[in-house]
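Trainee: Mind looking over this structure? Questions follow.
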């Protein structure tokens, strides 16, 4: 053990106990430079039933070659080459070990962090408050066998179920818009993002129509409280549809802005929509440090059929 004590001092209890048994509570490692944040995270993790294995500074991540804990929580508000290399290595190790990652960062660093973590599907948070970190822990803990956890609160369970159900409903509607029925395989995105042109496919509309609908939706916030109309999934679908028609690529930061909700909420939706097969992650072949989000072919076909239904009439705000 390196150090123990109160507050935010570093401490390490040795390697995670792989032989603790299947019923042992999941272990957690924390990497954060701010001492008060390390202390807060330790408190919240312990309250959630996690075994806090270590809490260290971020610069110790690169040199920590011990076995990973079940959950690794990283706070990385700023990035440089060394930090990105450490995150990429952690991402690969987590994927191989089956560890769950929670990574918090800032809007300025989001694109870089997102691009270098493409293996383990981490939970990403942007400028999170304490409640958002606790919710992220709840998301991750929900994937562990119940025997290894304390029961989540009823509010946490309802929140997670509600989000999952909403995304499932969207995916179901998309599938019903496909005339072939059934689950449509999601093909890898083409290098150039354009409208579907396969036989029998309906073309996407003119980008001006989609952008006009987006502007109409944004106008509501000038006259009424914008939070009343929060619909991040649809706002992001519209934005990615317009970008696909225009042949443009959309960064994760830009898509979060288009969602018109806090970035962490937008990231949660992006992750759910990727899982649902509606969004896909697209790497930049020219620069591996960059990555984008695009519509899947399934979602693009569904959006094309949606617009085919509404285009004959004068577009109304939606």
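In our numbering, the protein residues as written are 5 to 322. Every residue gets a Cβ at the ideal spot worked out from N, C-alpha and C, and that includes glycine.
(1) Could you give the first and the last residue of the continuous alpha helix (DSSP H) run that contains residue 57?
(2) Would you report the Cα separation of residue 237 and residue 269, rounded to the nearest angstrom?
(3) Check residue 70 in the structure and name its three-state DSSP category.
(4) Kindly indicate which residue of 263, 312, 73, 80 has the alpha-carbon position closest to the one of residue 114.
(5) Under DSSP, the beta strand (DSSP E) around residue 79 begins and ends at which residues?
(6) For the beta strand (DSSP E) containing residue 284, name the first residue and the last one.
(7) Nearest-angstrom Cα distance between residue 257 and residue 297?
(8) May I ask you to report which of helix, strand or coil DSSP gives residue 33?
(9) Please report the distance separating the alpha-carbon of residue 56 from that of residue 45.
(10) Terminal residues of the continuous alpha helix (DSSP H) containing residue 269?
(11) Shortest alpha-carbon distance to residue 30 belongs to which of 48, 47, 43, 54?
(12) Going by alpha carbons, who is nearest to residue 336 out of 98, 118, 28?
(13) Kindly list the residues whose CB is nearer than 6 Å to the CB of residue 245, restricted to its own chain and excluding five residues on each side of it in sequence; keep chain order.
(14) Using only alpha-carbon positions, find the residue among 58, 311, 49 that is nearest to residue 135.
(15) Are residue 91 and residue 127 closer than 8 Å when you measure CB to CB?
(16) Helix, strand or coil, according to DSSP, for residue 303 in the structure here?
(17) Kindly give me the distance between the Cβ atoms of residue 73 and residue 129, rounded to whole angstroms, as I take these residues to be in contact under 8 Å.
(18) Tell me the rounded alpha-carbon separation between residue 305 and residue 207.
(19) Would you tell me roughly how many angstroms separate the C-alpha atoms of residue 302 and residue 281, rounded to the nearest one?
(20) Quick one: complete beta strand (DSSP E) runs, 3+ long, within the stretch 98-155?
(21) Which residues in the same chain as residue 218 place their Cβ atom closer than 6 Å to its Cβ, once the five residues preceding and following it in sequence are excluded?
(22) Alpha carbon to alpha carbon, how far is residue 263 from residue 86? Give it in angstroms, no decimals.
Mentor: Here's the rundown:
(1) Segment 55-60 is the beta strand (DSSP E) holding residue 57; no alpha helix (DSSP H) there.
(2) 11 Å
(3) coil
(4) 80
(5) 75-79
(6) 283-287
(7) 10 Å
(8) strand
(9) 9 Å
(10) 267-279
(11) 54
(12) Here the chain has residues from 5 to 322 only, and residue 336 is not among them.
(13) 214, 307
(14) 49
(15) no
(16) helix
(17) Between residue 129 and residue 73 the Cβ distance is about 18 Å, and since that is not below 8 Å, they are no contact.
(18) 8 Å
(19) 8 Å
(20) 104-109, 127-130
(21) 242
(22) 31 Å
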